[in-house]
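**Q** Got a structure here, written out as structure tokens. Questions coming.
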Amino acid sequence: MEMQGRMESQKRRGRSNEDLVSERTGALGCVGWTIVILSGMFVVLLFPLTIWFCFRIVQEYERAVIFRLGRITDRRPKGPGIFFILPCTDSFVKVDLRTVSFDIPPQEILTKDSVTVSVDGVVYFRVSDPIASVANVSNADFSTRLLAQTTLRNVLGTKNLAEVLSDREGIAHSMQSNLDEATDHWGIKVERVEIKDVKLPHQLQRAMAAEAEAAREARAKVIAAEGEMNASRALKEASLVIAESPSALQLRYLQTLNTIAAEKNSTIIFPLPMDVLSHFMRK
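According to this note's numbering, the sequence shown is numbered sequentially starting from 30.
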């Protein structure tokens, strides 16, 4: 449903652009046609000389929007290649169709949770409708740059700091949708928006670093406590097994003595069981 709504809105915008162009490409009137006929006769009479002023060339990546007596002559731009104009009545504007990229200057933005951050980005756009980009806005490139700055502020103003740091892809997609919808009437297609860098104040960076360090220390203490608890449970189970067999305790003593002797110590402390000492004390 959302895709259908977008397609219908784009169709309506396309129709409105066509209607606007058709209004501009209306009849020239009697005076206008008289001037055009006189200009054509002038070109024919001075044919060897005027031929150099009648033909124009645009590159493969360019289109020409022709104005005849201030009116757009056709719904479609001319080019690429050679096209014909009347030198006295026609003028044209070249439009570059290549993708243009520009950096959004760092913007000081107050987030939803009242934190001031500096954010910059990059925008990629191209001209999709040359006639609309010339007739509907005075400077499509400059207008898109200004709109990108305000859109960055508006979008990030509704996000908190955690979302700004973690959801860059979602923010870029939201900015692209808003920019593309706003510049569609200007004949501009926003292809991609990226958030380059998010700069935090130094005090906030130190506070976040201290918070992260405290969180890591807390997790380390919890892990150490869990290890001691598991070790105590294992020792308890081992003591229960040894208590069931007195000879197992003697074997454990011998293993401990063997381990100490392997280290070549001059003094060996060997623990004696209390049962042996109590036997001698009775005598």
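Note that beta-carbon positions come from the ideal geometry of N, C-alpha and C, so glycine has one too.
(1) Please go through the region 174-246 and give each complete beta strand (DSSP E) segment of 3 or more residues, from N-terminal end onward.
(2) Over the uninterrupted alpha helix (DSSP H) stretch that includes Pro77, give me the two end residues.
(3) Would a C-beta distance cut-off of 9 angstroms place Val65 and Thr118 closer than the cut-off?
(4) For the region 105-152, which segments carrying the beta strand (DSSP E) assignment without a break, of at least 3 residues, lie completely within its bounds, in sequence order?
(5) Report the residue from Leu115, Leu229, Arg235, Ser203 whose alpha carbon sits nearest the alpha carbon of Ser143.
(6) Where does Glu255 fall in DSSP's three states?
(7) Whole angstroms are fine: how far does the CA of Leu126 sit from the CA of Arg245?
(8) Would you kindly check if the distance between the Cβ of Lys188 and the Cβ of Lys225 is under 9 angstroms?
(9) Helix or strand or just coil, what does DSSP make of Val166?
(10) On the DSSP bridge assignment, give the partners of Val87 in chain order.
(11) Counting only the same chain and skipping the five closest in sequence on each side, list residues whose C-beta sits under 6 angstroms from that of Ala277.
(12) Which partner residues does Arg97 have in the DSSP bridge list?
(13) If you draw a straight line from the alpha carbon of Glu242 to that of Ala249, how long is it in whole angstroms?
(14) Looking at His214: is its Cβ nearer than 9 angstroms to the Cβ of Asn165?
(15) Which class does Ser51 belong to by DSSP, given the choice of helix, strand or coil?
(16) Quick check: the Cα distance between Glu223 and Met237, rounded to an integer number of angstroms?
(17) Please name the residue in Val122, Leu190, Arg182 whose C-alpha comes closest to that of Ser203.
(18) Measuring straight from C-alpha to C-alpha, what distance separates Leu264 and Ala290?
(19) Assess, as a yes-or-no matter, whether the region 152-163 is touched by the region 189-202 under the definition of 3 or more beta carbon pairs within less than 8 angstroms.
(20) Spatial neighbours of Thr145 within its chain, please: CB distance less than 8 angstroms, with the 5 preceding and 5 following residues excluded, ordered by chain position.
(21) Just list the residues that DSSP pairs Arg92 with in beta bridges.
(22) Name the residue from Ile111, Gly110, Ile95 whose alpha carbon lies nearest to the alpha carbon of Arg104.
(23) Going straight from the alpha carbon of Cys59 to that of Val122, what length do you get?
(24) Can you check whether the CB of Leu115 is closer than 9 angstroms to the CB of Asn92?
**A** According to the structure data:
(1) 217-228
(2) The residue you call residue 77 lines up with position 48 of the sequence shown. Segment 76-83, the alpha helix (DSSP H) holding Pro77.
(3) Position 36 of the sequence shown, counted from the first residue, corresponds to residue 65. Position 89 of the sequence shown, counted from the first residue, corresponds to residue 118. Cβ distance < 9 angstroms, so Val65 and Thr118 count as in contact.
(4) Here the runs fully enclosed are 110-113, 119-125, 129-139.
(5) Walking along the sequence shown from the start, residue 143 turns up at place 114. Checked all of Leu115, Leu229, Arg235, Ser203; the closest Cα to Ser143 is Leu229.
(6) Taking the sequence shown and counting its residues from 1, the one referred to as residue 255 is at position 226. Three-state result, Glu255: helix.
(7) Counting from 1 along the sequence shown, the entry for residue 245 is found at position 216. Counting from 1 along the sequence shown, the entry for residue 126 is found at position 97. Distance between the alpha carbons of Arg245 and Leu126 is about 53 angstroms.
(8) What you label residue 225 is simply residue 196 of the sequence shown in a count that begins at 1. What you label residue 188 is simply residue 159 of the sequence shown in a count that begins at 1. In this structure, Lys188 does not lie closer than 9 angstroms to Lys225 by Cβ.
(9) For the purposes of this step, residue 166 is identified with residue 137 of the sequence shown, where counting begins at 1. Val166 falls in the coil class under three-state DSSP.
(10) Taking the sequence shown and counting its residues from 1, one reaches residue 87 at position 58. Under DSSP, Val87 forms a beta bridge with Gly110.
(11) As a position in the sequence shown, residue 277 is number 248, starting the count at 1. Cβ within range, chain order: Ile271.
(12) Mapped onto the sequence shown, residue 97 falls at position 68. Per DSSP, Arg100, Asp119.
(13) Position 213 of the sequence shown, counting from 1, holds the residue named residue 242. Position 220 of the sequence shown, counting from 1, holds the residue named residue 249. Approximately 11 angstroms, taken between the alpha carbons.
(14) In the sequence shown, counting from the first residue as 1, residue 214 sits at position 185. In the sequence shown, counting from the first residue as 1, residue 165 sits at position 136. Yes, they are a contact pair.
(15) On the sequence shown, position 22 is the one that residue 51 refers to. With a pLDDT of 47 at Ser51, under the threshold of 50, the predicted position of this residue should be treated as unreliable, though the coordinate-derived value follows. Ser51: helix per DSSP, three-state reduction.
(16) On the sequence shown, position 194 is the one that residue 223 refers to. On the sequence shown, position 208 is the one that residue 237 refers to. For Glu223 and Met237, the distance between alpha carbons rounds to 25 angstroms.
(17) By one-based count along the sequence shown, residue 203 stands at place 174. The candidate whose alpha carbon is nearest that of Ser203 is Arg182.
(18) Position 235 of the sequence shown, counted from the start, is the residue given in the question as residue 264. Position 261 of the sequence shown, counted from the start, is the residue given in the question as residue 290. Spanning the two alpha carbons is a distance of roughly 24 angstroms.
(19) no
(20) The sequence position of residue 145 within the sequence shown is 116, counting from 1. The answer, listed in chain order, is Glu137, Ile138, Leu139, Pro230.
(21) Counting from one through the sequence shown, the residue named residue 92 turns up at place 63. Looking at the DSSP assignment, Arg92 forms a beta bridge with Val124.
(22) As a first step, residue 104 must be located in the sequence shown, where it is residue number 75. Minimum Cα distance to Arg104 is reached at Ile95.
(23) The residue you call residue 59 lines up with position 30 of the sequence shown. The residue you call residue 122 lines up with position 93 of the sequence shown. Spanning the two alpha carbons is a distance of roughly 26 angstroms.
(24) What you label residue 92 is simply residue 63 of the sequence shown in a count that begins at 1. What you label residue 115 is simply residue 86 of the sequence shown in a count that begins at 1. With the sequence shown as reference, residue 92 is identified as Arg, and Asn is not the correct amino acid for it. No; because the gap between Cβ atoms is not below 9 angstroms, this pair is not in contact.
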